[in-house]
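*Asks:* So that we are looking at the same thing, I have put the structure below in structure tokens.
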Amino acid sequence: MTPPTNKIDGIAGASIAIGAPLTGWLTVLDEVPDAVFASRMLGDGVAIDPTGDCLVSPCDGEVSALNASGHAVTIRIADGAEILMHIGIDTVALAGRGFTPCVRQGDRVKRGDVLIRFDLDAIVQAAPAVVTPVLLLETDRFTLARTRDDGPVKAGDYIFTLTAKAAEAGTPAEAATGATLERRLLVPLAHGIHARPAARIKEALSGFSASVTIAKAGKAMNARSPVGLLTLGIRLGDEVTISAQGADAAEALATLGALIDSGMGEKADPASAPKAQPVAPVAAPVAQGSAVLPADGKLSGVTASPGLAVGQARAFRLPEIQVAPTGQGAAVEQARLEAARAELARRLEDEAAHASGPQKSIIQAHRAMLDDDGLLEAASLSIGDGASAGHAWRAAVRPQAAALRATGDAHLAERADDMLDLERRVLAVLEGVADEPLSFPPGTVLVAEDLLPSQLMALDKENVVGFVVERGGPTSHVAILAASMGLPALVAIGPALRQVADGTDLILDASGCTLHVAPDAATLATARDRLAVITARRAAAKAAAGKPCHTADGVRIEVFANLGSEADAKQAVANGAEGSGLLRTEFLFLERSTAPTVAEQAADYQAIATALEGRPLIVRLLDIGGDKPAPYLPIPAEENPALGLRGIRVGFAYPTMLEDQIRAILSVQPVGQCRIMVPMIAGVDELRRVRAVLDRVRTEMGITDKVELGVMVETPAAAVTADLLAAEADFLSIGTNDLTQYALAMDRGNAAVAGSIDGLHPSVLRLIAQTCQGAARHGKWTGVCGSLASDPLAVPILVGLGVAELSATPAIVPEIKALVSALTLEQARAHAAAALECATAADVRTLARGFSA
21 MTPPTNKIDG IAGASIAIGA PLTGWLTVLD EVPDAVFASR MLGDGVAIDP
71 TGDCLVSPCD GEVSALNASG HAVTIRIADG AEILMHIGID TVALAGRGFT
121 PCVRQGDRVK RGDVLIRFDL DAIVQAAPAV VTPVLLLETD RFTLARTRDD
171 GPVKAGDYIF TLTAKAAEAG TPAEAATGAT LERRLLVPLA HGIHARPAAR
221 IKEALSGFSA SVTIAKAGKA MNARSPVGLL TLGIRLGDEV TISAQGADAA
271 EALATLGALI DSGMGEKADP ASAPKAQPVA PVAAPVAQGS AVLPADGKLS
321 GVTASPGLAV GQARAFRLPE IQVAPTGQGA AVEQARLEAA RAELARRLED
371 EAAHASGPQK SIIQAHRAML DDDGLLEAAS LSIGDGASAG HAWRAAVRPQ
421 AAALRATGDA HLAERADDML DLERRVLAVL EGVADEPLSF PPGTVLVAED
471 LLPSQLMALD KENVVGFVVE RGGPTSHVAI LAASMGLPAL VAIGPALRQV
521 ADGTDLILDA SGCTLHVAPD AATLATARDR LAVITARRAA AKAAAGKPCH
571 TADGVRIEVF ANLGSEADAK QAVANGAEGS GLLRTEFLFL ERSTAPTVAE
621 QAADYQAIAT ALEGRPLIVR LLDIGGDKPA PYLPIPAEEN PALGLRGIRV
671 GFAYPTMLED QIRAILSVQP VGQCRIMVPM IAGVDELRRV RAVLDRVRTE
721 MGITDKVELG VMVETPAAAV TADLLAAEAD FLSIGTNDLT QYALAMDRGN
771 AAVAGSIDGL HPSVLRLIAQ TCQGAARHGK WTGVCGSLAS DPLAVPILVG
821 LGVAELSATP AIVPEIKALV SALTLEQARA HAAAALECAT AADVRTLARG
871 FSA
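Heads up: the sequence shown runs through residues 21 to 873, numbered per the working numbering.
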């Protein structure tokens with residue numbers, strides 16, 4: 021029977037009972053497929069997967085917010101707590117279709133009153149998920165306790181209680197002082213400021229000492245209050261006034277203005293403001309990976325690190341470290357956290373001293389995050405509120421990681437894994453959990469939902485022959501590490517991976533983007549034979565790798581290596597690389613709070629050049645922006661970063677940084693060993709601007725020797741005007757990764773399309789052919805430094821198209837040299853001509869697999 025009030029236990033004010041607003045299946049917030057809700061950025065609570073079509077009030081109260089599209093409503097209880105109910109995930113995009121609100125903002129309601137009726141079938145077809153979060157919006161006045169376990173629930177059943185916290189003594193917060201700064205702007209978000217943008221606004225303002233408000237039509241709300249912002253009902257095209265007062269007012273106002281102007285990944289033309297429409301079926305979103313194991317046992321994924329492995333499945337599930345919610349007092353817990361951070365800092369610095377290449381860069385990135393002011397401040401505030409050191413650290417890290425995932429940017433989402441890795445490592449020190457090597461039986465193919473960088477580095481590398489993960493991305497730190505370790509790996513396979521039992525035979529063809537589960541004996545034997553041939557071939561290639569590379573008929577083809585560190589250079593030389601076709605200098609600029617000095621850059625470049633023992637070193641000018649942001653460069657948020665300020669455009673925007681990098685490169689001895697390569701060129705005018713800086717700096721330094729200046733062909737514009745570029749550039753080098761994504765209009769960091777991206781697409785091959793022809797017209801050579809240069813199927817085609825230099829990953833250099841030495845130019849040209857006539861990338865790969873030199 022429904023009680024007449026929200027009170028229970030017979031004690032006035034002691035507890036507030038919250039009922040289920042829906043009939044369905046009760047579960048934890050962690051199961052909600054949205055980082056804002058699952059990480060509790062808006063508040064704690066539960067989720068219900070509905071089986072009915074009616075949302076009722078969970079308690080007596082007032083409708084404090086009702087979203088204009090009718091998919092979310094907030095109830096304010098007389099005691100001040102607020103309960104948000106959000107029907108489905110990303111349902112704001114339905115613009116009201118399928119939702120019929122039965123109340124208005126300001127209405128008083130009783131427990132059980134109907135709030136919203138909805139068309140469950142239509143929403144299931146149109147939305148990514150219909151699971152409904154039920155949240156106590158974040159407050160320091162109440163605690164939440166669940167009263168019902170996961171399982172079936174009926175509308176009105178108690179699901180949790182709220183208990184008021186004891187009032188804490190203390191001085192009132194100091195009022196903001198100083199002038200009030202204001203700015204007016206039009207809201208560009210397609211769906212207005214709903215729950216996710218409101219949470220992001222709160223997160224963006226967390227580090228500023230300022231009182232910030234957002235006002236619409238004269239009504240102002242605290243910008244740090246998501247529920248307050250929801251009550252404003254801000255829609256696309258609305259004019260709002262943002263105001264700030266306090267020590268950081270100017271910075272807070274600029275940050276908030278830039279965030280709203282960016283659209284937060286939901287930008288739209290104000291003229292296209294959504295209007296309510298009759299319910300109509302909407303195409304379901306593309307599924308990210310199958311949930312069912314196919315009958316043939318073959319699962320598709322995205323290549324994180326190429327290669328072939330045969331072994332047995334072993335599940336990797338690392339339990340979460342348990343921490344006490346409350347501590348022994350603020351002073352004790354703060355001291356514990358500082359001691360744990362100091363110990364982890366010591367360990368990271370020791371690890372960095374013994375690491376190289378990508379491993380060192382990742383460890384250094386974690387070391388920098390350990391001192392992040394925002395994390396430390398958030399943890400200290402939680403400790404001051406009574407939390408234990410571990411609970412406070414977790415509460416500080418997870419919203420930040422969730423905010424990265426909530427951006428919708430695949431690359432930022434992958435960085436969230438690094439934050440969770442750092443969370444675990446600090447908690448391990450706090451709780452005395454030993455970091456032991458992860459041991460598995462010989463021939464293990466690791467199967468996991470996801471892996472963190474430190475977990476991969478702790479693997480028993482003798483026994484683990486590859487890994488596959490349900491989530492992850494091809495540009496994550498785990499993917500970079502796997503490639504550097506030569507460990508075949510597939511990511512983004514999807515939930516069907518959970519059905520693979522321990523001990524199941526697996527064939528991991530990472531190069532072919534396929535995991536074959538439980539193959540028959542004949543297929544397994546064939547894969548093992550193929551692996552034995554590959555292993556023998558690699559051993560023979562390594563033995564002959566020291567010789568200069570020529571085709572079988574004597575044509576010189578240089579095989580260089582792509583580098584990111586001095587250790588990479590040493591490995592490349594040991595593997596027979598004849599130079600470096602790409603030094604990625606962004607590793608010097610990222611994961612730090614300030615730009616490297618000229619002296620720091622020069623020292624690193626000199627160390628790499630020395631390790632190459634006089635071989636050519638092609639240094640790519642800084643390629644950041646887009647998917648590789650630097651915290652000290654104030655690049656505004658962009659609606660489409662891949663088409664915005666990145667590559668050489670960043671150098672033009674920050675000319676001092678560009679000049680400093682050129683000065684550092686010219687400092688390397690002997691002069692001329694280093695060649696300079698310009699990234700993301702779209703036209704001759706950009707090349708001329710860089711040439712002018714190079715000539716001026718060279719004159720200032722008194723250098724008379726020629727220093728070669730080349731361009732990276734990464735845009736279709738550069739490929740089709742290669743003859744114009746070659747008239748003024750010393751060489752051209754094709755970056756096939758970016759050229760492919762721009763030619764196919766597919767973001768290689770987007771898991772929804774990453775599996776369809778292939779550099780052997782005929783359109784990409786035709787752009788490469790056009791580049792080689794344009795360069796040859798002026799007697800200039802063309803190289804390839806993208807991933808196609810490391811793909812044995814692609815190399816004969818590239819040589820046949822006219823590529824004279826291949827820059828591959830250091831580990832595969834011997835294999836590429838052996839492959840080229842078995843070709844004749846006539847064979848390669850005929851093969852390339854046939855590839856250009858293919859209709860699809862799949863056709864090209866079929867042709868390439870059948871090619872024999």
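Positions of the beta carbon are idealized from the N, C-alpha and C atoms, including for glycine.
How far does the alpha helix (DSSP H) with Ala509 in it reach, from first residue to last?
*Replies:* Locating residue 509 in the sequence shown gives position 489, counting from the first residue. Run containing Ala509: none in the alpha helix (DSSP H); it sits in the beta strand (DSSP E), Ala509 to Val511.
*Asks:* How close, in whole Å, do the beta carbons of Val76 and Val134 come, if the pair is a contact with beta carbons under 8 Å?
*Replies:* Position 56 of the sequence shown holds residue 76. Position 114 of the sequence shown holds residue 134. At roughly 6 Å, the Cβ-Cβ gap stays under 8 Å, so Val76 and Val134 are in contact.
*Asks:* If we count the other Cβ atoms within 10 Å of its Cβ and call it buried at 16 or more, is Val48 buried or exposed?
*Replies:* Within the sequence shown, the letter at position 28 stands for residue 48. Exposed, since its Cβ has fewer than 16 Cβ neighbours within 10 Å.
*Asks:* Give the straight-line distance between the Cα atoms of Val864 and Lys562, rounded to the nearest whole angstrom.
*Replies:* What you label residue 864 is simply residue 844 of the sequence shown in a count that begins at 1. What you label residue 562 is simply residue 542 of the sequence shown in a count that begins at 1. Going by the C-alpha atoms only, they are around 28 Å apart.
*Asks:* Does the distance from the CB of Val173 to the CB of Val129 come in under 8 Å?
*Replies:* Walking along the sequence shown from the start, residue 173 turns up at place 153. Walking along the sequence shown from the start, residue 129 turns up at place 109. Going by C-beta atoms, Val173 is not nearer than 8 Å to Val129.
*Asks:* From the beta carbon of Leu442, is the nearest beta carbon of chain D less than 8 Å away?
*Replies:* Among the chains of the structure shown, chain D does not appear; only one protein chain is present.
*Asks:* Can you give the Cα-Cα distance for Gln475 and Ala538, rounded to whole angstroms?
*Replies:* Position 455 of the sequence shown, counting from 1, holds the residue named residue 475. Position 518 of the sequence shown, counting from 1, holds the residue named residue 538. Each residue's Cα considered, the two are about 26 Å apart.
*Asks:* What is the DSSP secondary structure of Thr860, reduced to helix, strand or coil?
*Replies:* Translated into the one-based positions of the sequence shown, residue 860 becomes position 840. If DSSP states are grouped into helix, strand and coil, Thr860 belongs with coil.
*Asks:* Please determine if the region 753-766 and the region 713-724 are in contact, where contact requires at least 3 C-beta pairs separated by less than 8 Å.
*Replies:* Taking 8 Å as the limit for Cβ pairs, the verdict is that the region 713-724 does not touch the region 753-766.
*Asks:* With which residues is Asp69 paired in a DSSP beta bridge?
*Replies:* Counted from its first residue, the sequence shown places residue 69 at position 49. Trp45.
*Asks:* By Cβ distance below 7 Å, which residues in the same chain neighbour Glu194 in space, the five residues on each side in sequence not counted?
*Replies:* Working through the sequence shown from its first residue, we reach residue 194 at position 174. Here Glu194 scores only 38 on pLDDT, less than 50, and its place in the model should not be relied on; the value that follows carries that caveat. Counting only Cβ-Cβ distances below 7 Å, and skipping sequence neighbours, we find nothing.
*Asks:* Should Gly667 be labelled buried (16 or more other beta-carbon atoms within 10 Å of its own) or exposed?
*Replies:* Within the sequence shown, the letter at position 647 stands for residue 667. So Gly667 ends up on the buried side.
*Asks:* Using 8 Å as the threshold, is the C-beta distance between Val713 and Ile685 below it?
*Replies:* Translated into positions along the sequence shown, residue 713 becomes position 693. Translated into positions along the sequence shown, residue 685 becomes position 665. Going by C-beta atoms, Val713 is not nearer than 8 Å to Ile685.
*Asks:* Evaluate the contact criterion for the region 391-400 versus the region 319-332: three or more CB pairs, one atom per stretch, below 8 Å.
*Replies:* Cβ pair count under 8 Å is below three, so no.
*Asks:* Taking the straight line between their C-alpha atoms, what separation do you get for Glu702 and Ala344?
*Replies:* Along the sequence shown, one-based indexing puts residue 702 at 682. Along the sequence shown, one-based indexing puts residue 344 at 324. The question names Glu, yet the displayed sequence has Ala at residue 702. About 56 Å.
*Asks:* According to DSSP, is Leu637 helix, strand or coil?
*Replies:* Along the sequence shown, one-based indexing puts residue 637 at 617. Note: Leu637 maps to strand in three-state DSSP.
*Asks:* So, is Val833 buried or exposed, given that buried needs 16 or more other C-beta atoms within 10 angstroms?
*Replies:* On the sequence shown, position 813 is the one that residue 833 refers to. The residue in question, Val833, is buried, as its Cβ has 16 or more Cβ neighbours within 10 Å.
*Asks:* Write down every uninterrupted run of the beta strand (DSSP E) in the region 716-778 whose length is 3 residues or greater and which is fully enclosed by it, in chain order.
*Replies:* Segments of the beta strand (DSSP E) lying fully in the region 716-778: 729-733 and 752-754.
*Asks:* For Ser263, which residues in the same chain have their Cβ closer than 6 Å to its Cβ, ignoring the five residues on either side in sequence?
*Replies:* Start at 1 with the first residue of the sequence shown, and residue 263 comes out as number 243. Excluding positions up to five away in sequence, the list reads Thr200, Glu202 and Thr233.
*Asks:* Per DSSP, what are the beta-bridge partners of Val260 in this structure?
*Replies:* The count along the sequence shown starts at 1 and reaches residue 260 at position 240. Leu205, per the DSSP bridge assignment.
*Asks:* Starting from Lys239 and walking both ways along the beta strand (DSSP E), at which residues does that stretch end?
*Replies:* Looking up residue 239 in the sequence shown gives position 219. Here the beta strand (DSSP E) through Lys239 covers Lys239 to Asn242.
*Asks:* Is Gly601 near Glu825, with beta carbons less than 8 Å apart?
*Replies:* Sequence index remark: in the sequence shown, residue 601 carries index 581 (1-based). Sequence index remark: in the sequence shown, residue 825 carries index 805 (1-based). It is a contact, given that the beta carbons lie within the stated cut-off.
*Asks:* Is Ala269 closer than 8 Å to Gly321 when the C-beta atoms are compared?
*Replies:* Looking up residue 321 in the sequence shown gives position 301. Looking up residue 269 in the sequence shown gives position 249. Going by C-beta atoms, Gly321 is not nearer than 8 Å to Ala269.
*Asks:* What is the residue span of the beta strand (DSSP E) that Thr167 lies within?
*Replies:* The residue labelled residue 167 in the question sits at position 147 within the sequence shown. It is not in any beta strand (DSSP E) - Thr167 carries neither H nor E in the DSSP assignment.
*Asks:* For Ala623, tell me which candidate among Pro636, Thr614 and Thr605 has the shortest Cα-Cα distance.
*Replies:* Reading the sequence shown from its first residue, position 603 is the one you call residue 623. It is Thr605 whose Cα lies nearest to the Cα of Ala623.
*Asks:* When you compare only the Cα positions, how much space is there between Leu313 and Ala324?
*Replies:* As a working mapping, residue 313 is identified with position 293 in the sequence shown. As a working mapping, residue 324 is identified with position 304 in the sequence shown. Distance between the alpha carbons of Leu313 and Ala324: 21 Å.
*Asks:* Just to confirm the assignment, what range does the alpha helix (DSSP H) spanning Ala623 have?
*Replies:* Reading the sequence shown from its first residue, position 603 is the one you call residue 623. That run of the alpha helix (DSSP H) goes Val618 to Ala631.
*Asks:* Given a cut-off of 8 Å, decide if Ile754 and Thr802 are closer than it, judged by their beta-carbon atoms.
*Replies:* Working through the sequence shown from its first residue, we reach residue 802 at position 782. Working through the sequence shown from its first residue, we reach residue 754 at position 734. Contact: yes.
*Asks:* Start and end of the alpha helix (DSSP H) containing Cys792?
*Replies:* Within the sequence shown, the letter at position 772 stands for residue 792. Segment Pro782 to Ala796, the alpha helix (DSSP H) holding Cys792.
*Asks:* Could you name the residues of the same chain whose beta carbon sits closer than 7 Å to that of Arg356, not counting the 5 residues immediately before and after it, in chain order?
*Replies:* Reading the sequence shown from its first residue, position 336 is the one you call residue 356. Contacts found: Ala409 and Leu450.
*Asks:* Could you tell me whether the region 96-112 touches the region 209-226, where touching means 3 or more Cβ pairs closer than 8 Å?
*Replies:* Because the criterion of three Cβ pairs below 8 Å is met, the region 96-112 and the region 209-226 touch.
*Asks:* Tell me the rounded alpha-carbon separation between Cys694 and Gly596.
*Replies:* Translated into positions along the sequence shown, residue 694 becomes position 674. Translated into positions along the sequence shown, residue 596 becomes position 576. Those two C-alpha atoms are separated by around 19 Å.
*Asks:* Which term fits Ser783, buried or exposed, when burial requires 16 or more other beta carbons within 10 angstroms of its beta carbon?
*Replies:* Indexing the sequence shown from 1 puts residue 783 at position 763. Under this definition Ser783 is an exposed residue.
*Asks:* Tell me the residue span of the beta strand (DSSP E) that contains Val691.
*Replies:* Position 671 of the sequence shown, counted from the first residue, corresponds to residue 691. No beta strand (DSSP E) contains Val691, which DSSP labels as neither H nor E.
*Asks:* From Phe871 to Pro816, what distance separates their C-alpha atoms?
*Replies:* Start at 1 with the first residue of the sequence shown, and residue 871 comes out as number 851. Start at 1 with the first residue of the sequence shown, and residue 816 comes out as number 796. C-alpha separation (whole angstroms): 9 Å.
*Asks:* Rounded to a whole number of angstroms, what is the C-alpha to C-alpha distance between Met241 and Ala809?
*Replies:* Here the question's residue 241 lines up with position 221 in the sequence shown. Here the question's residue 809 lines up with position 789 in the sequence shown. Cα-Cα distance, rounded: 56 Å.
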